[in-house]
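A quick write-up on the structure given underneath.
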Amino acid sequence: MSVPQYDVAAVQRTLAEDPRTAELGVHVRIRGDQLFLTGRVACDRRRDAVAKVVAERLPDLVLHNEVQVTRAEPPVGREDLR
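Numbers given in our numbering equal positions in the sequence shown, counted from 1, plus 119.
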């Protein structure tokens, strides 16, 4: 049986190093057989890639993908700094 904190570190390293994700902003928690992902990514495709990579790494855990998508939008108007 693996130790959860080692699995967390391994998943975070995988997310950072896997070319499909290269993600540092996702947090991983493991409670029993439940794996929780939280954080923010730039698009839906990235969110799905994170879930896929994690599921490949630890397929026996129940994955809860709570990662949110934060879309970057250009400014709508002018900001008055007076």
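By construction, the Cβ of each residue, glycine as well, lies at the ideal position given by its N, Cα and C atoms.
Its Cα nearest to that of Ala161, the residue Leu143 stands out among Ala129, Leu180, Leu143 and Arg176. Gln124 has its alpha-carbon roughly 17 Å from the corresponding atom of His183.
Ala191 is classed as exposed because its beta carbon has fewer than 16 other beta carbons within 10 Å across all chains shown. Relative to the Cα of Val186, the nearest Cα in the group Arg139, Asp167, Glu136 and Ala135 belongs to Asp167. For the alpha helix (DSSP H) assignment, the uninterrupted runs of no fewer than 4 residues enclosed by the segment 127 to 178 are, from N- to C-terminal side, 163 to 176. Closest in C-alpha terms to Phe155, from the list Arg139, Pro138 and Asp126, comes Asp126.
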